[in-house]
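S.K.: If you scroll down you'll find the structure; I have some questions about it.
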Amino acid sequence: MAVRKLAPEDMQPESFVLSPETEAFADKEIAKYPPGRQASAVIALLGKAQEQAGGWLPRKAIEAVAAKLDMAVIRVMEVATFYTMFNLEPVGKYFIQFCGTTPCVLRGAGDIRKVLERRIGDQNHVTTDGTFSWLEVECLGACSNAPMVQINDDYYEDLTTENFEKLLDDLASGRPVKKGSQIGRNRSEPFEAVNTLQDPVLYDGSLVGAWRKRFDEQAKAAETGEAAAATASVPQDAKAAKPAAGRAIESDAADTPAKRAKEGEKPINPTDRKEAADPSKATKVEPKEKGTQPAPQSGKSYVASPTKGGEAVPNSPTTPVAGTPPAQAETRRDGSESKPDVVVTKDNKTS
Amino acid sequence: MAKIIVDGVEVDVPAEYTLLQAAEAAGAEIPRFCYHERLSIAGNCRMCLVEVKGAPKPVASCAWGVRDCRPGPNGEPPEISTKSPTVKKAREGVMEFLLINHPLDCPICDQGGQCDLQDQAMAYGVDTSRFHENKRAVTDKYLGPLVRTSMNRCIHCTRCVRFTAEVAGVPDLGALWRGEDMEITSYLEKALGSELQANVADLCPVGALTHKPEAFHYRPWELTKTDSVDVMDAVGSSIRVDSRGREVMRILPRVNEAVNEEWITDKTRQIVDGLRLQRLDRPFVRENGRLRPASWQEAFAAIASRVKGTDPKRIGAIVGDLAAVEEMYALKLLMESLGVTNIDARQDGSMVSPVYGRGSYLFNTTIAGIEDADAILIVGSNPRIEASLVNVRIRKRWRAAPPPIALIGEHSDLTYPYEYLGAGPDTLSELAGGRHSFIEKLRGAERPLVIVGQGALSRPDGLAVLSAAAQLARDVGAVKDGWNGFSVLHTAASRVGALDLGLVPGEWGLNAQTMAQGEVDVLFNLGADEIEIAPGAFVIYQGTHGDRGAHRADVILPAATYTEKSGTYVNTEGRVQLANRAAFAPGEAREDWAILRALSDVLGHRLPFDSLNALRAKLYSQYPHFAAIEMVQPADGFAAIQALANIGGTLGREPFVSPVKDFYLTNPIARASGVMAECSALARELKLEAAE
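Protein sequence lines, in the order shown, are assigned to chains Y and P.
Mapping of the first sequence onto the working numbering: position 158 corresponds to residue 160, and the numbering continues sequentially without gaps.
Mapping of the second sequence onto the working numbering: position 538 corresponds to residue 872, and the numbering continues sequentially without gaps.
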């Protein structure tokens, strides 16, 4: 977290009055909470005040919010200084929050940062014309479209030095700009060809409740022998094993045969239960041939397992491929299975 | 009650206890920084970690209730361990983290030797540091003239923030920023605006907040500690006076649940410099309009020559606010032997009087009893400045569950909301007449409390007001079996003791105001500095400071302050407490009772005691309740309230005005103190700002 500080005295405005719009918003927010709990609205009000003040919170705005909420100014100040999305120093007309977290850096955020530094200057510094200022922030959650920046309220994604330069030029000259991905991609869909989730059945509503329907059908088949057995096995006059006093009331386990029987619901079909318990059927995948299974990517093991005779690769890597029963798992799930052409040997060499 | 096993010892504690309290009940010591019994639980220092059997990791014992622990599999009581290797390791880890950013400046830190962090690092820490990075640096904050900051040392326990917000009731301090950058500060570094602010430096477990006036003056191990009692107001806070050689170095609060819990006001604490400034250290005699230093013999001779030729009816005595019971008793005996009935201890003109019984002038409810009240009416008082710790109790009561509170008198910020009924006696009679809805709340209350302050009593119609308040209290059922909700709040430490002794004008005697206006020829002034004495009379001033009384005096007898003598003080509740001698009076100044004893010899009416013990023996035989130190002798509430209610009288129209104009300058010691002067100036400034 960058070192934040209050704006110096000469930058602080003389006064700040909540606009009628902000006042109306404030009253609406305060009404959400019980009487006397108006302080709960402090974050919403600070956000709105920041919007009104042009992207940052002058001291007078903090005081105005405190007065509105009948709070001590220091209490509001605590909130405003705690949350980094409240800017306590003036920002540019376009306030760029540049994501500098790992995924973006891997996808070239370093170049974007260089553009920012060259065109705008240091962080927390407003250009002389007041147009831009920027700040490096932590992950904004758009990693699939990395690198990205947030300018005021909008995300601008899939940046390259060229399109980012153009974006800044357009913003500076007031031309309309495109929000979201800058390379014409629809949200975070695959960058090139779209080849998943294309079955139209998925979108016509016909699959809604399909699983449930199948479940009910199968349940009919199994008869209620289990229910009687389950009820019989519950002690009629159950004594608590431990004294109940002072302890939290415990609810029953969510879905036991006994509970279902008690509530008059249908028992679960034993076959369903068995299937659900079988990890090999959790997701149905065709078993792969041995030779095509991906091998561990790294010879290093983070698991402290003893190795035999100088063998670099541990025999039991960590995560199994989806659908592989744990007992059979030999490989790490690493994404290489999506490229079936590439066969990786156990020594991490492609053939 | 819940059972819990602490280190193998089974204890039975209330279920709402925290593990920390339970461990203490079992005799185990738990280190802590942020936890404080009288503040809300923060749980942010993590020093109090203990191991709970069955929990996957150590838990913060200050924030974990006994009732939240799971019992064993067969219903055994929950088990915690405070000495296990896990706990030891956890404490070492926490301590290491705390010390990462704590500077190694113990040799120049005022907290050295009385520092929780120092002690606990010794007891629970490791002896080396593995930290090789730079330490955090934080700018120091300005928090006013009483609290010095050294913010590098702060460990973010937030005790100070919680104290100011919860106990003192002024939201001045806050924790800005977050994480490592967190800083404790006031808004824009304004000085703290509380009369209890110096307590934050006591609460600070490290040297981040220390006492500014005492900075670099002493090391705690050099000081001699003397338990004593405060005389700055009528609350009688328990204090510890720390002295080095002849000099009092500091005053600290002592825990006394019945009176001050563990807080004291800034005035109580920081008048220390007033104890050595402006002192009268030798007798003076006025010759040709100028005071000149004299010997004791000369001074006594001057007095004797004036007293012997004067009619006892033209002799008077006024007793000031800081006098102990012993010297008041000696003065009373001396005046009786001279045949003088003009004697008064009420220099402020208060109309309280022992004639109506002891219950008519005591804070009958007791200070701790405020917490049981379920409706409070304050008449003619601003408890925040007249008796700050009474105000703290009312606030504590209000925080527990807000009772209806109303005030008749000056409208001011008491740190808790109240219903403002009006300014003067009119409102009181309206309330009594049922024309205010608040009377219903008082009537409906189980244990109503009516507090009558000196603002309502120090006025010509004071008795009528007292009577009206007593009628009101009687009507709402404030005095009943097991509850006496009629309480008089005093402002002078000597007042209740004086009233117990009967230091009010006898038959045909003159009161203090009349005496001061020149109705007597010889006036003996025992430390009364708040009264203007008209020219004319021959004034003998026995006191400690070169204040108003000494300026007007014809003979000055230098005496000892409350830290320099052993004296009995009775607080507003009627609690008898002893002040002990922590240092010696400067120069030729003597203890007050001894001066009076010596003077009586010269006047030819030798008092019948030669030692303090002999004086006390005589005092106790005549007034046995003074022998019950630390105790309150309850008064007969029914008789007193009947007697008061029967007085009647016409109420004036003037609004009630608090007798305390400036909290920081109420007595000669405070007026001599530079620190108090600074505080007073600052408080005036804050007041002006608030008025804008």
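We put the beta carbon where it would ideally sit given N, CA and C, even for glycine.
Would you list the residues sitting across from residue 101 of chain Y in a DSSP beta bridge?
M.R.: As a working mapping, residue 101 of chain Y is identified with position 99 in the first sequence. Answer is Y:139.
S.K.: For residue 83 of chain Y, go through chain P and note every residue whose CB falls closer than 8 Å to its CB, in chain order.
M.R.: By one-based count along the first sequence, residue 83 of chain Y stands at place 81. Neighbours of residue 83 of chain Y on chain P, chain order: 510, 511 and 512.
S.K.: Rounded to the nearest angstrom, what separates residue 799 of chain P and residue 850 of chain P at their Cα positions?
M.R.: Against the second sequence, residue 799 of chain P aligns to sequence position 465. Against the second sequence, residue 850 of chain P aligns to sequence position 516. Those two C-alpha atoms are separated by around 24 Å.
S.K.: Do residue 1038 of chain P and residue 669 of chain P have their CB atoms nearer than 8 Å?
M.R.: As shown, chain P starts at 335 and ends at 1026. That puts residue 1038 of chain P outside it, with no answer to give.
S.K.: Tell me, to the nearest whole angstrom, how far the beta carbon of residue 822 of chain P is from that of residue 697 of chain P; I am working on the premise that it is less than 8 Å.
M.R.: The residue you call residue 822 of chain P lines up with position 488 of the second sequence. The residue you call residue 697 of chain P lines up with position 363 of the second sequence. At roughly 6 Å, the Cβ-Cβ gap stays under 8 Å, so residue 822 of chain P and residue 697 of chain P are in contact.
S.K.: Ignoring anything shorter than 3 residues, give me the beta strand (DSSP E) runs that lie fully in the segment 708–781 of chain P, in order along the chain.
M.R.: 709–713, 739–742 and 753–756, all fully within the segment 708–781 of chain P.
S.K.: Does DSSP put residue 928 of chain P in a helix, in a strand, or in coil?
M.R.: For the purposes of this step, residue 928 of chain P is identified with residue 594 of the second sequence, where counting begins at 1. If DSSP states are grouped into helix, strand and coil, residue 928 of chain P belongs with the helices.
S.K.: For a contact defined as C-beta to C-beta under 8 Å, what are the partners of residue 80 of chain Y on chain P?
M.R.: Within the first sequence, residue 80 of chain Y is the residue found at index 78, counting from 1. Those within 8 Å of residue 80 of chain Y in chain P are 508, 509 and 510.
S.K.: Helix, strand or coil, according to DSSP, for residue 885 of chain P in the structure here?
M.R.: If you number the second sequence from 1, residue 885 of chain P lands on position 551. Of the three classes helix, strand and coil, the one that applies to residue 885 of chain P here is helix, per DSSP.
S.K.: Run down chain Y in chain order and give the residues with a C-beta less than 9 Å from the C-beta of residue 411 of chain P.
M.R.: Here residue 411 of chain P refers to the residue found at position 77 of the second sequence. Ordered by position in chain Y, no residue passes the 9 Å Cβ test against residue 411 of chain P, which lies about 11 Å from the chain.
S.K.: Just to confirm before moving on: does the CB-CB distance between residue 888 of chain P and residue 874 of chain P stay below 8 Å?
M.R.: The count along the second sequence starts at 1 and reaches residue 888 of chain P at position 554. The count along the second sequence starts at 1 and reaches residue 874 of chain P at position 540. Cβ distance < 8 Å, so residue 888 of chain P and residue 874 of chain P count as in contact.
S.K.: Going straight from the alpha carbon of residue 457 of chain P to that of residue 431 of chain P, what length do you get?
M.R.: Against the second sequence, residue 457 of chain P aligns to sequence position 123. Against the second sequence, residue 431 of chain P aligns to sequence position 97. Roughly 16 Å between the two C-alpha positions.
S.K.: Does the CB of residue 45 of chain Y have a neighbour CB from chain P at under 8 Å?
M.R.: Here residue 45 of chain Y corresponds to residue number 43 of the first sequence, with the count starting at 1. By this cut-off, residue 45 of chain Y is not an interface position.
S.K.: Whose C-beta lies closer than 7 Å to the C-beta of residue 136 of chain Y among residues of the same chain, with five residues either side of it excluded?
M.R.: Walking along the first sequence from the start, residue 136 of chain Y turns up at place 134. Within the same chain, residue 136 of chain Y has close Cβ partners 98, 100, 118, 122 and 125.
S.K.: Can you name the start and end residues of the beta strand (DSSP E) that residue 627 of chain P belongs to?
M.R.: Along the second sequence, one-based indexing puts residue 627 of chain P at 293. Run containing residue 627 of chain P: 624–627, per the beta strand (DSSP E) assignment.
S.K.: Where does residue 434 of chain P fall in DSSP's three states?
M.R.: Counting from one through the second sequence, the residue named residue 434 of chain P turns up at place 100. Helix at residue 434 of chain P.
S.K.: Would you mind stating whether residue 852 of chain P and residue 868 of chain P have Cβ atoms separated by less than 8 Å?
M.R.: For the purposes of this step, residue 852 of chain P is identified with residue 518 of the second sequence, where counting begins at 1. For the purposes of this step, residue 868 of chain P is identified with residue 534 of the second sequence, where counting begins at 1. Taking 8 Å as the Cβ cut-off, residue 852 of chain P and residue 868 of chain P qualify as a contacting pair.
S.K.: Going along the chain, which residues of the segment 45–74 of chain Y sit with their C-beta nearer than 7 Å to a C-beta in chain P?
M.R.: Answer set for the segment 45–74 of chain Y: 74.
S.K.: Among P:595, P:835 and P:940, whose alpha-carbon lies nearest the alpha-carbon of residue 666 of chain P?
M.R.: Working through the second sequence from its first residue, we reach residue 666 of chain P at position 332. When each option's Cα is compared against that of residue 666 of chain P, the closest is P:835.
S.K.: Should residue 629 of chain P be flagged as near chain Y, meaning a C-beta pair shorter than 8 Å?
M.R.: Locating residue 629 of chain P in the second sequence gives position 295, counting from the first residue. Not one chain Y Cβ lies under 8 Å of residue 629 of chain P.
S.K.: With residue 22 of chain Y as the anchor, note down where its alpha helix (DSSP H) starts and where it stops.
M.R.: For the purposes of this step, residue 22 of chain Y is taken as the residue at position 20 of the first sequence. 22–32 is the span of the alpha helix (DSSP H), which, as asked, contains residue 22 of chain Y.
S.K.: To the nearest angstrom, report how far apart residue 425 of chain P and residue 382 of chain P are at their CA atoms.
M.R.: Within the second sequence, the letter at position 91 stands for residue 425 of chain P. Within the second sequence, the letter at position 48 stands for residue 382 of chain P. Roughly 8 Å between the two C-alpha positions.
S.K.: According to DSSP, is residue 210 of chain Y helix, strand or coil?
M.R.: Taking the first sequence and counting its residues from 1, one reaches residue 210 of chain Y at position 208. Correct three-state label for residue 210 of chain Y: coil.
S.K.: Starting from residue 387 of chain P, trace the beta strand (DSSP E) in both directions and tell me its first and last residue.
M.R.: By 1-based counting over the second sequence, the position of residue 387 of chain P is 53. Segment: none, residue 387 of chain P is in no beta strand (DSSP E) and carries neither H nor E.
S.K.: Should residue 287 of chain Y be labelled buried (16 or more other beta-carbon atoms within 10 Å of its own) or exposed?
M.R.: Taking the first residue of the first sequence as position 1, residue 287 of chain Y is located at position 285. The predicted position of residue 287 of chain Y is uncertain, since its pLDDT is 47 and thus under 50; a value taken from the coordinates is nonetheless stated next. Counting Cβ neighbours within 10 Å, residue 287 of chain Y comes out exposed, since fewer than 16 surround it.
S.K.: Quick one: Cα of residue 508 of chain P to Cα of residue 627 of chain P, how far?
M.R.: For the purposes of this step, residue 508 of chain P is taken as residue 174 along the second sequence, with counting starting at 1. For the purposes of this step, residue 627 of chain P is taken as residue 293 along the second sequence, with counting starting at 1. Distance between the alpha carbons of residue 508 of chain P and residue 627 of chain P is about 53 Å.
S.K.: Please report the Cβ distance between residue 41 of chain Y and residue 28 of chain Y, rounded to the nearest whole angstrom; I am assuming they are in contact, meaning their Cβ atoms lie under 8 Å.
M.R.: For the purposes of this step, residue 41 of chain Y is identified with residue 39 of the first sequence, where counting begins at 1. For the purposes of this step, residue 28 of chain Y is identified with residue 26 of the first sequence, where counting begins at 1. Not a contact, Cβ separation roughly 12 Å.
S.K.: How far does the beta strand (DSSP E) with residue 583 of chain P in it reach, from first residue to last?
M.R.: Residue numbering aside, residue 583 of chain P sits at position 249 when the second sequence is read from its first letter. Looking at the DSSP string, the run of the beta strand (DSSP E) that includes residue 583 of chain P is 581–587.
S.K.: Going along chain Y in order, which residues have a C-beta closer than 7 Å to the C-beta of residue 505 of chain P?
M.R.: Taking the second sequence and counting its residues from 1, one reaches residue 505 of chain P at position 171. Within chain Y, the residues near residue 505 of chain P are 74, 76 and 77.
S.K.: Under the rule that 16 or more other beta-carbon atoms within 10 Å means buried, what is residue 210 of chain Y, buried or exposed?
M.R.: Within the first sequence, the letter at position 208 stands for residue 210 of chain Y. Under this definition residue 210 of chain Y is an exposed residue.
S.K.: Can you find a CB in chain P that lies within less than 8 Å of the CB of residue 240 of chain Y?
M.R.: Position 238 of the first sequence, counting from 1, holds the residue named residue 240 of chain Y. Note on residue 240 of chain Y: pLDDT 47, under 50, position unreliable in the model; the coordinate value appears next. No, residue 240 of chain Y does not count as interfacial toward chain P.
S.K.: According to DSSP, is residue 879 of chain P helix, strand or coil?
M.R.: In the second sequence, the residue the question calls residue 879 of chain P occupies position 545. Residue state, collapsed to three classes: strand.
S.K.: Taking only the alpha-carbon atoms, compute the straight-line gap between residue 880 of chain P and residue 636 of chain P and give it to the nearest angstrom.
M.R.: Within the second sequence, the letter at position 546 stands for residue 880 of chain P. Within the second sequence, the letter at position 302 stands for residue 636 of chain P. Cα to Cα, residue 880 of chain P sits roughly 20 Å from residue 636 of chain P.
S.K.: May I ask you to verify whether the segment 510–530 of chain P touches the segment 390–404 of chain P, counting CB pairs closer than 8 Å and requiring at least 3?
M.R.: These segments do not touch.
S.K.: Is the CB of residue 521 of chain P under 8 Å away from at least one CB in chain C?
M.R.: Of the protein chains in the structure, Y and P, none is chain C.
S.K.: State yes or no: is the beta carbon of residue 6 of chain Y nearer than 8 Å to at least one beta carbon in chain P?
M.R.: The residue you call residue 6 of chain Y lines up with position 4 of the first sequence. Yes, residue 6 of chain Y counts as interfacial toward chain P.
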